Ligand code: UDP
Ligand code: MG
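Numbering (the working numbering), first residue to last: 120 to 427.
Written as structure tokens, this is what we have:
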């Protein structure tokens, strides 16, 4: 019989873990003739009772395990910890807050048997989400799909069912800056998506603020596209060309009309404009250098403190 490993990153999820487990166990019962379920919860430095609950349930059920990280490393790191830990023939990644409906596993597993390597899920709508957030996500997906060769599906969640081969490929990508949405898509394979209606968290609250999401999307651009650098190069060439034209214009004007000294205001605006572009470009280049710096340090993405 094949094993299905379920990776669940948890950050302050004391209220949701038990309802989550019960719901998935319902699905487990329906698949019990085909799959052995194996749960791997990752406690990502929670400050509430999450770890105690995980210890309890891992004692109660032999197929429930957990990793506890030494501090909060972020969801991407927790995901990686889980993916590296589990051994299942199939692997799925799920949020603990039941925003990823476990019932979909049945449909996803059926698709895997149809021959797909990855069955992802996407939200058909963004119900219950602040309007501003929706607008910014739309802009993000529109832009990144234009400038990056890695396709990112709008509304796609991390919730996906993958074969062992796909998971091994993802783990081969050794980068420290892990933008999962991109990595999952970068490895390729036969992928299909199932849409579902957006669900709100059953309890607790999202740990993402608007600024974190903005930072996260900039990470997406820097990790999966060189377009900002190209933009910097174009801005540089553009303003150079413009300055040559201006020089030409000024020389001709000097020859034709003489040299009435005027226009310091325009001079200052031009200087500010050029200075601004230069700083922007430096910032963009700096962003990439910072990523290189982080990569070369080769720090571990996470540290496991406790295993059960
Ligand atoms: N999570 C985590 N580490 C973090 C933040 C979140 O492991 O630093 C987990 C969290 O417990 C949940 C999942 O990642 O299982 C998704 O988090 P959340 O529901 O806050 O995000 P959203 O659904 O709003 O995107
Ligand atoms: Mg959530």
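C-beta: ideal position from N, C-alpha, C; glycine also. Remember, predicted model here, so these are calculated numbers, not experimental data.
Give every residue of the same chain whose Cβ lies closer than 6 angstroms to the Cβ of residue i, excluding the five residues on either side of it in the sequence, and list them in chain order.
i           : result
residue 314 : 241, 243
residue 207 : 122, 123, 124, 157
residue 183 : 158, 176, 177
residue 227 : 238, 280
residue 129 : 160, 162, 169, 215
With DSSP collapsed to three states, give me the class of residue i.
i           : result
residue 321 : coil
residue 128 : strand
residue 280 : strand
residue 168 : coil
residue 346 : helix
residue 365 : helix
residue 275 : strand
residue 399 : helix
residue 147 : helix
residue 181 : coil
residue 382 : coil
residue 134 : coil
residue 418 : coil
In the DSSP output, what is residue i paired with across the bridge?
i           : result
residue 373 : DSSP, once it has assigned bridges, lists no residue as partnering residue 373.
residue 157 : 124
residue 187 : 162, 425
Looking only at its own chain, which residues have a Cβ that is under 7 angstroms from the Cβ of residue i, when we skip the five neighbours before and after it?
i           : result
residue 135 : 215, 216, 217, 321, 322, 323
residue 288 : 306
residue 260 : 271, 273
residue 264 : 270, 271
residue 425 : 187
residue 436 : The shown model of the chain, from 120 to 427, leaves out residue 436, and the question about it has no answer.
residue 340 : 263, 347
residue 302 : 289, 292
residue 304 : 269, 270, 271
residue 354 : 396, 400
residue 222 : 146
residue 249 : none
Skipping 5 residues on each side, what residues in its chain have a beta carbon closer than 8 angstroms to that of residue i?
i           : result
residue 423 : 186, 187, 188, 189, 200
residue 348 : 403, 404, 407
residue 203 : 290
residue 131 : 165, 166, 167, 169, 323, 326
residue 231 : 209, 238, 280, 282
residue 257 : 273
residue 412 : none
residue 225 : 146, 149, 150
residue 350 : 403
residue 155 : 120, 121, 122, 123, 182
At least one CB of chain D closer than 8 angstroms to the CB of residue i: is that the case?
i           : result
residue 165 : Note that chain D does not occur in the displayed structure, where there is just one protein chain.
Open item on the list: Please give me, in chain order, every unbroken run of the beta strand (DSSP E) with length at least 3 that falls completely inside the region 190-268.
Closed with: If we require 3 residues or more, the beta strand (DSSP E) runs fully inside the region 190-268 come out as 209-212, 237-242.
Task: Within the region 290-335, ranges of the beta strand (DSSP E) (whole runs, at least 3 residues) - done: The beta strand (DSSP E) runs of length 3 or more contained entirely in the region 290-335 are, from start to end of the chain, 310-315.
Task: Contact shell at 7 angstroms, judged by CB to any heavy atom of ligand 2, ordered along the chain - done: Those residues are 214, 216, 218, 320, 325, given in chain order.
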